[in-house]
């Protein structure tokens with residue numbers, strides 16, 4: 001796979017997960033929407049990493065590490081968001097931890113994070 005194809009792969013996959021997150025929000029599947037927010041942010045970061053390092057991204061779900069590897073100049077607010085969204089990966093996966101996310105993942109909470117992730121996603125796509 002060429003560098004261009006690898007970047008396109010990650011962008012396409014991120015786009016698909018973004019659409020899935022939208023559908024999940026509309027269906028009021030808020031915890032699952034947040035999990036897919038993590039996925040589309042992770043994948044667009046991986047596209048940025050491929051662009052930056054000219055190699056495959058690491059097998060990692062740690063968004064802060066991927067952000068550092070991407071060499072993108074993030075704002076402080078974006079980095080805080082990236083750190084917070086990383087938690088959705090764990091909290092949506094494991095039942096013992098999932099309960100805490102279920103308690104706070106109401107419509108307003110989820111809409112807030114979905115909107116912020118969407119803005120980050122579109123901004124990062126524009127950087128690629």
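Numbering (full-length UniProt numbering), first residue to last: 1 to 128.
C-beta: ideal position from N, C-alpha, C; glycine also.
None of these values were measured; they are calculated from a predicted model.
Query                                                                                                                                                                   : Result
Closest to residue 109 by C-alpha separation, out of 63, 41, 79 and 85, would be which residue?                                                                         : 85
Who are the Cβ neighbours of residue 89 in its own chain at under 6 Å, not counting the five residues just before and after it?                                         : 38 and 61
Once you ignore the five residues that flank residue 48 on each side, which residues in its own chain have a CB closer than 7 Å to its CB?                              : 70, 72, 124, 127 and 128
Just verifying my parser: in three-state terms, what is the DSSP assignment at residue 129?                                                                             : An answer regarding residue 129 cannot be provided, because it is not within the stretch 1 to 128 covered by the chain.
My assumption, with CB atoms under 8 Å, is that residue 63 sits in contact with residue 113. Please give the rounded CB distance.                                       : Rounded, the Cβ-Cβ distance is 13 Å, inconsistent with contact.
If you draw a straight line from the alpha carbon of residue 20 to that of residue 36, how long is it in whole angstroms?                                               : 7 Å
I'd like the list of long-range same chain contacts for residue 28, defined as Cβ closer than 8 Å, with 5 residues on each side in sequence excluded.                   : 107
Please determine, among 43, 32, 26 and 55, the residue with the shortest C-alpha to C-alpha distance to residue 82.                                                     : 43
Just tell me which of 2, 122 and 121 has its CA closest to the CA of residue 55.                                                                                        : 2
Can you check the UniProt domain "HEPN" (11-120) for any beta strand (DSSP E) of at least 3 residues that lies completely inside it and give the ranges in chain order? : none
Helix or strand or just coil, what does DSSP make of residue 128?                                                                                                       : coil
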